[in-house]
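Engineer: In order, the protein sequences belong to chains A and B.
The first sequence lines up with residues 60 to 302 when you count with the numbering used here.
The second sequence lines up with residues 60 to 302 when you count with the numbering used here.
I'd like to ask you about the structure that follows.
Number of protein chains: 2
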Amino acid sequence: MLTKKQAKFLKSLQIKKYRKESGNFVVEGAKNVLEAVNSPFVVEQVYGTPSFLEEHAEILADIPCEEASEKELVSAGSFASNNAGIALVKMPRNVPLKVQGDEFVLVLDDVRDPGNLGTIIRVADWYGIKKIVCSQDTVDVFNPKVISATMGSFTRVSLYYCDLEAYLGRANAPVLGAFLEGENVHQMEFPKAGYLVMGNESKGVSEELEAKVTQKISIPRFGGAESLNVAIATAVLCDNLKR
Amino acid sequence: MLTKKQAKFLKSLQIKKYRKESGNFVVEGAKNVLEAVNSPFVVEQVYGTPSFLEEHAEILADIPCEEASEKELVSAGSFASNNAGIALVKMPRNVPLKVQGDEFVLVLDDVRDPGNLGTIIRVADWYGIKKIVCSQDTVDVFNPKVISATMGSFTRVSLYYCDLEAYLGRANAPVLGAFLEGENVHQMEFPKAGYLVMGNESKGVSEELEAKVTQKISIPRFGGAESLNVAIATAVLCDNLKR
Numbered sequence: 060m061l062t063k064k065q066a067k068f069l070k071s072l073q074i075k076k077y078r079k080e081s082g083n084f085v086v087e088g089a090k091n092v093l094e095a096v097n098s099p100f101v102v103e104q105v106y107g108t109p110s111f112l113e114e115h116a117e118i119l120a121d122i123p124c125e126e127a128s129e130k131e132l133v134s135a136g137s138f139a140s141n142n143a144g145i146a147l148v149k150m151p152r153n154v155p156l157k158v159q160g161d162e163f164v165l166v167l168d169d170v171r172d173p174g175n176l177g178t179i180i181r182v183a184d185w186y187g188i189k190k191i192v193c194s195q196d197t198v199d200v201f202n203p204k205v206i207s208a209t210m211g212s213f214t215r216v217s218l219y220y221c222d223l224e225a226y227l228g229r230a231n232a233p234v235l236g237a238f239l240e241g242e243n244v245h246q247m248e249f250p251k252a253g254y255l256v257m258g259n260e261s262k263g264v265s266e267e268l269e270a271k272v273t274q275k276i277s278i279p280r281f282g283g284a285e286s287l288n289v290a291i292a293t294a295v296l297c298d299n300l301k302r
Numbered sequence: 060m061l062t063k064k065q066a067k068f069l070k071s072l073q074i075k076k077y078r079k080e081s082g083n084f085v086v087e088g089a090k091n092v093l094e095a096v097n098s099p100f101v102v103e104q105v106y107g108t109p110s111f112l113e114e115h116a117e118i119l120a121d122i123p124c125e126e127a128s129e130k131e132l133v134s135a136g137s138f139a140s141n142n143a144g145i146a147l148v149k150m151p152r153n154v155p156l157k158v159q160g161d162e163f164v165l166v167l168d169d170v171r172d173p174g175n176l177g178t179i180i181r182v183a184d185w186y187g188i189k190k191i192v193c194s195q196d197t198v199d200v201f202n203p204k205v206i207s208a209t210m211g212s213f214t215r216v217s218l219y220y221c222d223l224e225a226y227l228g229r230a231n232a233p234v235l236g237a238f239l240e241g242e243n244v245h246q247m248e249f250p251k252a253g254y255l256v257m258g259n260e261s262k263g264v265s266e267e268l269e270a271k272v273t274q275k276i277s278i279p280r281f282g283g284a285e286s287l288n289v290a291i292a293t294a295v296l297c298d299n300l301k302r
């Protein structure tokens with residue numbers, strides 16, 4: 060059983076301020092909990108339904124586990140239903156990522172929607188992109204809606220939040236940026252490594268960052284839609300990058 | 060001012076049963092309302108804030124308009140905020156689409172999430188795909204969350220709901236289908252026209268429809284994610300189709 064105090068603590072971790080204070084975040088649902096347990100993340104506790112804990116007893120063997128009902132999991136979390144569990148996980152520190160000379164790094168300039176960030180992390184993971192650098196205003200990766208939308212990919216993709224202007228000012232690799240008027244990605248050769256900058260949902264890439272972009276690129280349009288959602292555009296660009 | 064009766068009527072149109080009864084659906088927010096007015100759809104009424112109605116007086120000239128406050132628009136609609144308007148629009152009948160010999164048609168097998176369907180319609184519009192055939196269990200296109208996610212593209216893409224097994228049984232063009240284990244789309248030649256079947260969010264393409272697919276195709280994976288969201292996969296496949 061989840062005590063009132065435990066439920067209140069888990070619930071508080073939906074808010075960034077309390078995650079920062081405690082150094083913890085929560086992971087909800089079977090897929091994400093199992094991915095967290097199977098990853099380098101430090102899982103401090105799993106609250107699970109009796110059937111979830113029993114079914115995964117082997118993989119959960121080294122983790123402190125406690126039984127909780129579906130109702131308790133829902134009231135302590137952000138899901139409308141949860142017949143599996145919630146993991147309490149230690150939040151890693153925000154540390155600069157060591158970029159290798161042969162890899163592409165995603166750069167997110169103020170992506171605000173949790174679903175979009177989570178989906179972008181899942182897309183990056185699909186395409187083997189392991190690092191994402193985010194502006195300070197980009198939504199927090201440890202927001203439970205972001206974690207949920209990653210479908211476990213948060214365990215394989217590292218994020219670093221910083222001042223992007225300063226960061227890209229020090230970059231010594233091509234900086235591609237997604238714009239409505241750029242080079243057609245169906246017709247260009249991509250460099251072997253570098254950065255790919257994606258902009259805010261409504262404003263796109265900011266003027267300050269535009270100045271750091273060395274090559275503007277575009278997804279060709281064949282119909283009437285004015286734009287594509289940022290997670291959709293990221294996926295299409297990664298697919299073009301990797302072919 | 061919106062009367063209580065009008066507000067109640069608009070609100071009722073969030074439910075499919077009432078849309079069917081009245082033959083109407085609602086379109087919310089500046090972008091979608093203006094796209095509806097500028098389209099072949101029959102807009103019966105626009106409820107708008109005084110500033111929205113004034114700013115777009117010219118394009119709204121032939122439409123019956125009524126003033127409403129932001130608060131009234133929110134309470135009569137599905138948005139958390141709406142400083143523009145709501146349009147009451149006549150719902151077109153569900154009629155079979157005439158497929159030309161040189162076009163690609165999307166086929167959706169039981170896509171359930173309104174945000175996914177809306178995003179798929181927007182993606183189809185971006186790539187110049189004008190027709191989508193949906194299974195009877197696919198979420199209704201006139202659901203306000205679907206309309207909202209299309210960002211106006213619902214005015215340029217036609218949908219038809221039917222029994223897909225029977226429909227594809229009569230198809231005399233290639234039927235491509237998205238599967239995790241299919242031909243790598245980075246290495247294959249696409250036919251010039253045909254159908255592209257996308258499956259349900261968790262179950263993928265059903266067995267019954269799999270039997271109608273003439274070519275299974277896949278987006279190559281470079282990392283650890285197990286799958287891609289259906290709207291993301293649709294966008295990547297459309298991009299490959301159109302290059």
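Virtual Cβ for every residue (Gly too), placed ideally from N, Cα, C.
These numbers were taken from a predicted model, which means no experiment stands behind them.
Does the distance from the C-beta atom of B/G211 to that of B/K149 stay below 8 Å?
Structural biologist: Here residue 211 of chain B refers to the residue found at position 152 when the second sequence is read from its first residue. Here residue 149 of chain B refers to the residue found at position 90 when the second sequence is read from its first residue. Going by C-beta atoms, B/G211 is not nearer than 8 Å to B/K149.
Engineer: Scan the stretch 117–188 of chain B and note each continuous alpha helix (DSSP H) run of 4 residues or more that stays entirely inside, going in chain order.
Structural biologist: Listed in chain order, the complete alpha helix (DSSP H) runs (minimum 4 residues) inside the stretch 117–188 of chain B are 129–135 and 173–185.
Engineer: Check whether the Cβ of A/K251 lies closer than 8 Å to any Cβ atom in chain B.
Structural biologist: Taking the first residue of the first sequence as position 1, residue 251 of chain A is located at position 192. By this cut-off, A/K251 is not an interface position.
Engineer: Is it the case that the Cβ atoms of B/T197 and B/G177 are separated by a distance below 8 Å?
Structural biologist: To locate residue 197 of chain B, count along the second sequence from 1; it is residue 138. To locate residue 177 of chain B, count along the second sequence from 1; it is residue 118. For B/T197 and B/G177, no; Cβs fall outside 8 Å.
Engineer: Does DSSP classify A/E240 as helix, strand or coil?
Structural biologist: Counting from one through the first sequence, the residue named residue 240 of chain A turns up at place 181. Reduced to three states, the DSSP call for A/E240 is strand.
Engineer: Would you mind telling me which residues of chain A sit closer than 7 Å to B/I291, beta carbon to beta carbon, in chain order?
Structural biologist: In the second sequence, residue 291 of chain B corresponds to position 232, counting from 1. Residues of chain A passing the Cβ test: T178, V182, A290, I291 and A294.
Engineer: Going along chain A in order, which residues have a C-beta closer than 8 Å to the C-beta of B/M210?
Structural biologist: Taking the second sequence and counting its residues from 1, the one referred to as residue 210 of chain B is at position 151. Result: A284, E285 and S286.
Engineer: Taking the beta carbon of B/G107 as the centre, do at least 16 other beta carbons fall within 10 Å, making it buried, or is it exposed?
Structural biologist: Locating residue 107 of chain B in the second sequence gives position 48, where the first residue counts as 1. Answer is buried; the Cβ neighbour count reaches 16.
Engineer: Let's test the definition: count the other Cβ atoms within 10 Å of the Cβ of B/I74 and tell me whether it reaches 16, buried, or not, exposed.
Structural biologist: Mapped onto the second sequence, residue 74 of chain B falls at position 15. Flag for B/I74 reads exposed.
Engineer: Would you please verify whether the beta carbon of B/F281 is less than 8 Å from any beta carbon of chain A?
Structural biologist: Counted from its first residue, the second sequence places residue 281 of chain B at position 222. Yes, because at least one Cβ of chain A sits closer than 8 Å to the Cβ of B/F281.
Engineer: Please say whether A/I278 and A/V234 have beta carbons closer to each other than 8 Å?
Structural biologist: Here residue 234 of chain A is taken as the residue at index 175 of the first sequence, counted from 1. Here residue 278 of chain A is taken as the residue at index 219 of the first sequence, counted from 1. Contact flag unset, no.
Engineer: Let me see if you follow: with CB-CB separation under 8 Å, is A/Y254 close to chain C or not?
Structural biologist: Here the protein chains are A and B, and chain C is not one of them.
Engineer: Measuring only between beta-carbons, confirm whether A/D298 sits less than 8 Å from chain B.
Structural biologist: Counting from one through the first sequence, the residue named residue 298 of chain A turns up at place 239. Answer yes: the Cβ-Cβ gap between A/D298 and chain B drops below 8 Å somewhere.
Engineer: Under a CB-based cut-off of 8 Å, is B/K301 close to chain A?
Structural biologist: The count along the second sequence starts at 1 and reaches residue 301 of chain B at position 242. Yes, contact with chain A.
Engineer: Would you kindly work out how many angstroms separate the C-alpha atoms of A/M247 and B/D298, rounded to a whole number?
Structural biologist: As a position in the first sequence, residue 247 of chain A is number 188, starting the count at 1. As a position in the second sequence, residue 298 of chain B is number 239, starting the count at 1. So the alpha carbons of these two residues sit roughly 15 Å apart.
Engineer: If we ignore side chains and look at the alpha-carbon of each, how far apart do B/A89 and B/F111 end up?
Structural biologist: Here residue 89 of chain B corresponds to residue number 30 of the second sequence, with the count starting at 1. Here residue 111 of chain B corresponds to residue number 52 of the second sequence, with the count starting at 1. Straight-line Cα distance between these residues: approximately 8 Å.
Engineer: Rounded to whole angstroms, how far is the Cβ of A/N259 from the Cβ of A/R181, which I believe are closer than 8 Å?
Structural biologist: As a first step, residue 259 of chain A is located in the first sequence; it is residue number 200 there, counting from the start. As a first step, residue 181 of chain A is located in the first sequence; it is residue number 122 there, counting from the start. So it is not a contact: roughly 20 Å between Cβ atoms.
Engineer: Determine the chain A residues that contact B/R171 at a beta-carbon separation under 9 Å, and present them in chain order.
Structural biologist: For this step, residue 171 of chain B is matched to residue 112 along the second sequence. What B/R171 touches in chain A: nothing, since even the nearest Cβ is about 14 Å away.
Engineer: Is the stretch 125–141 of chain B touching the stretch 153–164 of chain B in the sense that three or more CB pairs, one from each, lie closer than 8 Å?
Structural biologist: In short, these stretches do not touch, since the Cβ pair count stays below three.
Engineer: Do the stretch 192–207 of chain A and the stretch 117–131 of chain A meet, that is, are 3 or more Cβ pairs less than 8 Å apart?
Structural biologist: No, because fewer than three Cβ pairs between the stretch 192–207 of chain A and the stretch 117–131 of chain A fall closer than 8 Å, the two stretches do not touch.
Engineer: Considering only C-alpha positions, which residue in the set B/R215, B/N175, B/L93 and B/K189 is nearest to B/Y254?
Structural biologist: Here residue 254 of chain B refers to the residue found at position 195 of the second sequence. Measuring from the Cα of B/Y254, the nearest candidate turns out to be B/K189.
Engineer: Quick check: what's the CA-CA separation for A/L61 versus A/P151?
Structural biologist: Reading the first sequence from its first residue, position 2 is the one you call residue 61 of chain A. Reading the first sequence from its first residue, position 92 is the one you call residue 151 of chain A. Going by the C-alpha atoms only, they are around 25 Å apart.
Engineer: Could you pull out every unbroken beta strand (DSSP E) segment of at least 3 residues lying fully inside the stretch 184–262 of chain B, listed in chain order?
Structural biologist: Within the stretch 184–262 of chain B, the complete beta strand (DSSP E) runs of at least 3 residues are 190–194, 217–221, 234–243 and 253–257.
Engineer: Is it true that the CB of A/L72 sits closer than 8 Å to the CB of A/V85?
Structural biologist: Taking the first residue of the first sequence as position 1, residue 85 of chain A is located at position 26. Taking the first residue of the first sequence as position 1, residue 72 of chain A is located at position 13. Contact flag set, yes.
Engineer: Could you name the residues of chain B that A/G187 contacts, counting a contact when the two beta carbons are closer than 7 Å?
Structural biologist: For this step, residue 187 of chain A is matched to residue 128 along the first sequence. Residues of chain B passing the Cβ test: F281 and G282.
Engineer: Taking the CB atoms as reference points, tell me whether A/A252 and A/A237 lie closer together than 8 Å.
Structural biologist: Within the first sequence, the letter at position 193 stands for residue 252 of chain A. Within the first sequence, the letter at position 178 stands for residue 237 of chain A. Against a cut-off of 8 Å, the Cβ pair of A/A237 and A/A252 comes out as no contact.
Engineer: For the beta strand (DSSP E) containing B/Q274, list its first residue and its last residue.
Structural biologist: The count along the second sequence starts at 1 and reaches residue 274 of chain B at position 215. Residues Q274 to S277.
Engineer: For A/L239, count neighbouring Cβ atoms within 10 angstroms of its own Cβ and tell me buried if that reaches 16, exposed if not.
Structural biologist: Taking the first sequence and counting its residues from 1, the one referred to as residue 239 of chain A is at position 180. Flag for A/L239 reads exposed.
Engineer: In the DSSP output, what is A/Q104 paired with across the bridge?
Structural biologist: The residue given as residue 104 of chain A occupies position 45 in the first sequence. Answer by DSSP bridge pairing, in chain order: A/L147.
Engineer: Can the beta-carbon of B/S207 be found closer than 8 Å to that of B/E87?
Structural biologist: Here residue 207 of chain B refers to the residue found at position 148 of the second sequence. Here residue 87 of chain B refers to the residue found at position 28 of the second sequence. Yes, these two residues count as a Cβ contact at 8 Å.
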